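Here the structure comes first, spelled out in structure tokens, and everything after it is commentary.
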Amino acid sequence: LMKYRTKIFNLLEIGTWEGASTAAFASYFPYSKIYGIDKNFRFKYKSSRICFNHCDIRNQNDIKNLRKNIKNITFKVIIDDASHMLSDMIYSLNFFLKYLESGGFFVIEDFNAPIYFKALNDCDGKEIFMEEIFRHIIKRKQFKSNILSKDDQKFLFENISDIKIYKGKTDISDIAFLKKS
Numbered sequence: 023l024m025k026y027r028t029k030i031f032n033l034l035e036i037g038t039w040e041g042a043s044t045a046a047f048a049s050y051f052p053y054s055k056i057y058g059i060d061k062n063f064r065f066k067y068k069s070s071r072i073c074f075n076h077c078d079i080r081n082q083n084d085i086k087n088l089r090k091n092i093k094n095i096t097f098k099v100i101i102d103d104a105s106h107m108l109s110d111m112i113y114s115l116n117f118f119l120k121y122l123e124s125g126g127f128f129v130i131e132d133f134n135a136p137i138y139f140k141a142l143n144d145c146d147g148k149e150i151f152m153e154e155i156f157r158h159i160i161k162r163k164q165f166k167s168n169i170l171s172k173d174d175q176k177f178l179f180e181n182i183s184d185i186k187i188y189k190g191k192t193d194i195s196d197i198a199f200l201k202k203s
């Protein structure tokens, strides 16, 4: 992401809480427009380059409103640092990837949280974990999912060219960088 520091682009952060990291992105990328979404109203930071939208990925009215607000916008970087619930990560990837520019990055923070914290595994064994989804995407191999249809999976296969996974400084921090074709 360092190479984007002096570029003009749009960045989306999913899961802003109060907006501290959103504000940090606005500072670090001084020429970029930063969009943040969260289902809470705790966002505290104001800037002409920050645009906050209320959205719960599971609420169809919120999704409808978000589609209206970002319909003509694409992002060079999308960062999912939201609830870390397994289903939310899958829904977010499925919904937001279409808004990512070709060559852009979709970053998923703490994607193994549902393994480390059972309360975040809200799929009752009906969905595979994110790292396994990543392996299927790279191999272009269909998998059983109640969230991702075969067409959704095909879209992921055709639009994700590379996935890099990194371990953070703690045992429970894992981050994935998905590059869009």
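Throughout the sequence shown, residue numbering follows this note's numbering, covering 23 to 203 in sequence. Even for Gly, the Cβ is constructed at its ideal location relative to N, Cα and C. This one's a predicted model, so the numbers in the text were calculated from it and none came from an experiment.
DSSP, reduced to helix, strand and coil, places S54 outside both helices and strands of the structure shown, so it counts as coil. For L142, the CB contacts under 8 Å within the same chain, skipping 5 residues up- and downstream, are S105, H106, M107, L108, A135, P136 in chain order.
In this structure, the straight-line span from the alpha carbon of K148 to that of T28 is close to 43 Å.
Going by C-alpha positions, E180 is about 32 Å away from P52. Proximity to H158 across C145, K172, D146 peaks at K172, based on C-alpha coordinates. Annotation: the segment 98 to 160 contains the following complete segments of the alpha helix (DSSP H) (minimum length 4 residues), in chain order: 108 to 118, 135 to 138. Annotation for D110: I79, A104 place their beta carbon closer than 7 Å to its own, counting only its chain and skipping 5 residues before and after. Inclusion of E123 and K98 in the CB contact set at 8 Å is warranted, their separation being smaller than that value. By the neighbour-count criterion, in which a residue is buried when 16 or more other Cβ atoms sit within 10 angstroms of its Cβ, Q164 is exposed. Per DSSP, L34 lies in no alpha helix (DSSP H); the unbroken beta strand (DSSP E) holding it starts and ends at 32 to 36.
Excluding its 5 nearest sequence neighbours in each direction, Y121 has C-beta neighbours in its own chain below 8 Å: L34, I92, I95, T96, F97, I100, listed in chain order. Under the three-state reduction of DSSP output, I72 falls in the strand class.
Straight-line spacing of the CA atoms in K66 and G126 works out to 28 Å.
Residues of the same chain with a CB within less than 6 Å of the CB of A45, apart from the 5 flanking positions on each side, are Y67 in chain order.
If you draw a straight line from the Cα of Y26 to the Cα of I169, it is about 33 Å long.
If you check the CB distance, I197 and F118 do not come in under 8 Å.
Annotation: the continuous beta strand (DSSP E) that includes K189 extends over 182 to 189. Counting every other CB atom within 10 Å of its CB across the protein chains shown gives T192 a total below 16, marking it as exposed. For D196, the uninterrupted beta strand (DSSP E) run begins and ends at 196 to 202, by DSSP.
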